[in-house]
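Residue numbers (the numbering used here): 4 to 83.
Note that beta-carbon positions come from the ideal geometry of N, C-alpha and C, so glycine has one too.
The structure appears right after this line, and notes come after that.
Here you go:
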C-alpha cells in the first residue's frame, strides 16, 4: 500500500521544486506534476513527489484520519 500525505507549501524553488513543511521539518520536494502549486497550497506528497493539490479542508480531514489510524480508531468515523 502506498500512502500520500498532505503537506503545505512554504516556498517555491526554481527547477520544479518547492519546500514543504512535514511536522517540524522543511523538505525540498519535486512539484513537476503540479506546476500550478503556490505558497500556502496543500499538496499530496508521495516518495518525494507532489501528485496533486488539495484544499485545506481535505488536508485537515486527512490529518484527522491519519491520527485516528495511529490511535487505532475506525476510519469510517471520518467519512460520515
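Going by the DSSP bridge assignment, what does residue i pair with across the sheet?
i: residue 33; result: 20 and 52
i: residue 66; result: Bridge partners of residue 66: none, in fact.
i: residue 14; result: 22
i: residue 46; result: 10 and 56
Hey, residue i and residue j: beta-carbon distance below 8 Å or not?
i: residue 37; j: residue 15; result: no
i: residue 10; j: residue 48; result: yes
Applying the criterion that 16 or more other CB atoms from any shown protein chain within 10 Å of the CB defines a buried residue, is residue i buried or exposed?
i: residue 53; result: buried
i: residue 34; result: buried
i: residue 59; result: exposed
i: residue 39; result: exposed
i: residue 45; result: buried
Quick one: what's got a C-beta closer than 7 Å to residue i's C-beta in the same chain, skipping five residues either side?
i: residue 13; result: 22, 23, 24, 29 and 42
i: residue 20; result: 31, 32, 33 and 34
Cα-Cα, which of the options is closest to residue i?
i: residue 5; options: 51, 35 and 57; result: 51
i: residue 8; options: 18, 27, 62 and 17; result: 62
For residue i, which residues in the same chain have their Cβ closer than 6 Å to its Cβ, ignoring the five residues on either side in sequence?
i: residue 75; result: none
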